[in-house]
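Counted from 1, the sequence shown has number 164 at position 164 by full-length UniProt numbering; the numbering is strictly sequential.
Reviewing the structure listed below.
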Amino acid sequence: MSMMRKKLAKVPCPFRSERLAFLDVPFTKLISKVYPKFSQNQKNFVWSGEFTDYYKGVLPRCESTNKRFGVDVDDVYFVLNIKSVHWIALAISIPHQHIEVYDSIIPLSGDNEIAECVRPYAHMLPYLLKSLASPVDQYGLSTDEYTVSRCRRIPQNTQTGDCGIYAMKYIECLALDIDMNVGLSDENISDIRQKFATDMFGEANHFQNL
């Protein structure tokens with residue numbers, strides 16, 4: 001996701017919009033850690049400084065954007081590990097209060113299982129935005145739980161071990177606004193993995209200090 005944020009900062013921006021955010025696994029771990037406490041008393045939940053920094057775009061610090069969720073950012077993307085063995089991609093639309101789930105092995109999990117995995121984000125994000133926004137930016141914000149749906153007409157991973165690459169590719173296609181059904185397949189996944197590795201190497205500027 002670091003590579004995605006580096007590309008987002010480029011001028012001109014290669015993505016369909018500059019109003020995007022790409023989050024890392026530490027964000028999902030933070031949500032998982034505090035959700036039990038939040039769910040007991042969401043109205044009086046005290047948001048930590050870490051949540052404030054995510055809301056303001058300060059985190060992740062390696063590529064801070066200083067873009068606020070719901071003010072400067074409309075869509076949030078990240079990967080989520082479920083069942084400790086499988087990666088899925090989440091695309092969150094703040095304006096539409098909706099979460100779309102992109103899963104490369106749909107038969108692995110039922111709809112209710114996916115809804116349960118995603119519920120902490122659907123439940124917490126509206127409160128996060130409402131609580132941390134300025135009085136002016138709070139206008140019109142709702143704390144209603146986000147709706148969740150699964151995108152089913154997407155390439156599937158019939159071999160094992162590539163779900164993480166599929167999840168990343170889903171996010172890249174969404175950010176670029178290109179058809180993920182063209183070229184994304186088990187037949188091409190090895191080449192896609194190598195392309196990601198090459199892009200990450202290039203974005204890291206490994207040669208600048210040689």
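Backbone N, C-alpha and C fix where the C-beta goes; we use that ideal spot for every residue, glycine too.
Just so we're clear, the structure is a prediction, and the values are computed from it rather than from any experiment.
### Task
Could you pull out every unbroken beta strand (DSSP E) segment of at least 3 residues lying fully inside the segment 61 to 86, listed in chain order?
75 to 82
### Query
Does the Cβ of residue 167 have 16 or more other Cβ atoms within 10 Å, making it buried, or fewer, making it exposed?
Translated into positions along the sequence shown, residue 167 becomes position 167. Residue 167 is buried by the Cβ-count criterion.
#### Entry: Where the alpha helix (DSSP H) containing residue 30 begins and where it ends
Against the sequence shown, residue 30 aligns to sequence position 30. Segment 25 to 40, the alpha helix (DSSP H) holding residue 30.
### Message
If you reduce the DSSP assignment to three classes, tell me which class residue 118 lands in.
### Response
On the sequence shown, position 118 is the one that residue 118 refers to. Residue state, collapsed to three classes: helix.
### Query
Can you give the Cα-Cα distance for residue 42 and residue 127, rounded to whole angstroms?
Mapped onto the sequence shown, residue 42 falls at position 42. Mapped onto the sequence shown, residue 127 falls at position 127. Going by the C-alpha atoms only, they are around 8 angstroms apart.
### Task
Find the nearest neighbour of residue 77 within the set 122, 155, 174 and 200, judged by alpha-carbon distance.
Indexing the sequence shown from 1 puts residue 77 at position 77. When each option's Cα is compared against that of residue 77, the closest is 174.
### Message
Would residue 70 and residue 129 qualify as a contact pair, given that the criterion is a beta-carbon distance under 8 angstroms?
### Response
Stepping through the sequence shown from its first residue, residue 70 is reached at position 70. Stepping through the sequence shown from its first residue, residue 129 is reached at position 129. For residue 70 and residue 129, yes; Cβs fall inside 8 angstroms.
### Query
By Cβ distance below 8 angstroms, which residues in the same chain neighbour residue 186 in space, the five residues on each side in sequence not counted?
If you number the sequence shown from 1, residue 186 lands on position 186. Cβ neighbours of residue 186 beyond the five flanking positions: 157, 158, 159 and 162.
### Message
Let me see if you follow: with CB-CB separation under 8 angstroms, is residue 115 close to chain C or not?
### Response
Of the protein chains in this structure there is only one, and it is not chain C.
### Query
With distances taken between CB atoms, is the gap from residue 89 to residue 171 smaller than 8 angstroms?
The sequence position of residue 89 within the sequence shown is 89, counting from 1. The sequence position of residue 171 within the sequence shown is 171, counting from 1. Going by C-beta atoms, residue 89 is nearer than 8 angstroms to residue 171.
### Message
Rounded to the nearest angstrom, what separates residue 21 and residue 68 at their Cα positions?
### Response
In the sequence shown, the residue the question calls residue 21 occupies position 21. In the sequence shown, the residue the question calls residue 68 occupies position 68. Cα to Cα, the separation comes out at about 9 angstroms.
### Message
Quick check for students: name the residue ranges of the alpha helix (DSSP H) that lie wholly in the segment 105 to 185, counting only runs of 4 or more.
### Response
111 to 132 and 163 to 176
### Task
Excluding the 5 residues preceding and the 5 following residue 153 in the sequence, name in chain order all residues of the same chain whose CB lies nearer than 6 angstroms to its CB.
Within the sequence shown, residue 153 is the residue found at index 153, counting from 1. Nothing meets the Cβ criterion.
#### Entry: Contact under 8 angstroms by Cβ, residue 57 with residue 64
Residue mapping note: residue 57 aligns to position 57 of the sequence shown, counting from 1. Residue mapping note: residue 64 aligns to position 64 of the sequence shown, counting from 1. Yes. Within cutoff.
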